Amino acid sequence: MNKIKVSAVSYTNTKPFIYGLQHSAILDQLDLSLDVPADCASKLIDNKVDIGLIPVAAIPFVSNAQIIGSYCIGSVGAVNSVFIFADKPIHEVKTVRLDPQSRTSNNLARVLLKNHFKVEVELISDPNAEADAMVLIGDRTFGRKRDFNYVYDMGEEWMKFTGLPFMYAAWVANKEIPTQFIEEFDRALGLGIQHIPDVIAQLPKIEGIDLGDYLQHKLDFNLTADKLKAKDLFLDLVSKL
241 MNKIKVSAVS
251 YTNTKPFIYG
261 LQHSAILDQL
271 DLSLDVPADC
281 ASKLIDNKVD
291 IGLIPVAAIP
301 FVSNAQIIGS
311 YCIGSVGAVN
321 SVFIFADKPI
331 HEVKTVRLDP
341 QSRTSNNLAR
351 VLLKNHFKVE
361 VELISDPNAE
371 ADAMVLIGDR
381 TFGRKRDFNY
391 VYDMGEEWMK
401 FTGLPFMYAA
411 WVANKEIPTQ
421 FIEEFDRALG
431 LGIQHIPDVI
441 AQLPKIEGID
451 LGDYLQHKLD
461 FNLTADKLKA
471 KDLFLDLVSK
481 L
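Note that the working numbering has the sequence shown beginning at 241, numbered continuously upward.
Spelled out as structure tokens, the structure:
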């Protein structure tokens with residue numbers, strides 16, 4: 241049997257999923273790679289993998305995209321790893337440097353700036369350019385909140401704006417995957433979620449972030465109807481930017 245090619249995010253927020261896959265028999269059926277979110281999306285879009293844990297904003301660019309399973313990367317309010325960091329209040333910001341690693345977070349920032357904060361800014365893609373504010377996600381945000389005068393958690397701001405949770409990334413297939421495989425894959429992901437305390441015990445301590453609080457209370461891994469509703473609303477707002 242040909243192995244199913246899977247691309248997953250290499251951030252701490254995916255460690256429970258990786259734990260579950262690595263402690264399940266399904267690992268023998270996988271060709272697993274760990275990538276930054278943008279590369280997960282590119283691999284799935286280019287048909288280099290069969291399943292990817294991809295940023296939600298990339299889903300419309302995947303041919304035959306199908307969200308699979310019962311889990312995602314999400315939050316109900318503050319997520320503590322998806323930020324706009326700023327040197328001045330958001331309503332005084334004129335330039336925002338985007339994060340090259342995530343299409344979803346950049347688009348979420350654009351949606352919030354336009355519809356929630358109601359400010360017009362210049363968006364900068366050059367990672368070395370000076371700006372009043374910056375989008376930053378994932379492990380690179382750990383311990384960085386104290387470096388900035390103003391910190392905007394985009395999970396929290398999205399909930400203030402919409403009253404909904406947010407889904408940052410979903411498990412997406414670009415072709416028909418056997419039902420039995422999806423069920424086994426889903427069980428493996430669930431196993432990882434059940435063993436989050438074991439995952440935390442294996443992780444080195446990182447200054448500036450409580451990994452226990454982050455993985456158990458800030459992140460919400462369940463794929464719910466409200467997260468799907470939020471995904472649809474978000475993609476609609478992105479289409480109107």
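We put the beta carbon where it would ideally sit given N, CA and C, even for glycine.
These numbers were taken from a predicted model, which means no experiment stands behind them.
I294 to A278, Cα distance in whole Å? Their Cα atoms are separated by approximately 8 angstroms.
Could you please give the first and the last residue of the uninterrupted beta strand (DSSP E) stretch that includes Y408? In the DSSP assignment, Y408 falls within the beta strand (DSSP E) that extends over 406–413.
What separation, rounded to the nearest whole angstrom, lies between the Cα atoms of Y390 and F421? The alpha-carbon atoms of Y390 and F421 are separated by roughly 45 angstroms.
Whose C-beta lies closer than 6 angstroms to the C-beta of I433 among residues of the same chain, with five residues either side of it excluded? So the list reads P256, F461, once near-sequence residues are dropped.
Strictly by DSSP, which residues pair up with L272? BP columns for L272 point to V246.
Beta-carbon spacing of A298, V333 below 7 angstroms: Against a cut-off of 7 angstroms, the Cβ pair of V333 and A298 comes out as no contact.
With 16 other CB atoms within 10 Å as the buried threshold, where does P405 fall? By the 16-neighbour rule on beta-carbons within 10 angstroms, P405 is buried.
Residue range of the unbroken alpha helix (DSSP H) whose run includes Q260: In the sequence as presented, Gln is not what sits at residue 260; that position holds Gly. Judged by DSSP secondary structure, G260 falls within the alpha helix (DSSP H) whose first and last residues are 255–262.
Using only CA atoms, which one of E447, R427, L451 lies nearest to D438? Measuring from the Cα of D438, the nearest candidate turns out to be L451.
What is the residue span of the beta strand (DSSP E) that D393 lies within? Where D393 is concerned, the enclosing beta strand (DSSP E) stretches over 390–393.
Give me the residue from S321, Q269, T252 with the minimum Cα distance to P418. Of the listed residues, the one whose Cα sits closest to P418 is Q269.
Simplified DSSP assignment, three categories, for Y454: Helix at Y454.
Would you list the one or two residues that DSSP bridges to S315? Beta-bridge pairing links S315 to F406, L459.
Note the first and the last residue of the continuous beta strand (DSSP E) segment covering I433. Premise fails: I433 lies in the alpha helix (DSSP H), 419–434, not in any beta strand (DSSP E).
When burial is assigned at 16 or more other CB atoms within 10 Å of the CB, is L443 buried or exposed? For L443, the number of other beta carbons within 10 angstroms of its own is below 16, and it is reported as exposed.
Quick test of the definition: if touching needs 3 or more C-beta pairs under 8 angstroms, does the segment 325–332 touch the segment 298–314? Contact between the segment 325–332 and the segment 298–314 is absent: fewer than 3 CB-CB pairs across the two stretches fall below 8 angstroms.
Where the beta strand (DSSP E) through L468 begins and ends: Not the beta strand (DSSP E): L468 falls in the alpha helix (DSSP H), residues 465–479.
Less than 7 angstroms between the C-beta atoms of D350 and L481, yes or no? The amino acid at residue 350 is misidentified as Asp; the sequence shows Arg. Their beta carbons are under 7 angstroms apart, which means R350 touches L481 by this criterion.
From E370 to V336, what does the alpha carbon distance come to, in whole angstroms? So the two alpha carbons sit approximately 9 angstroms from each other.
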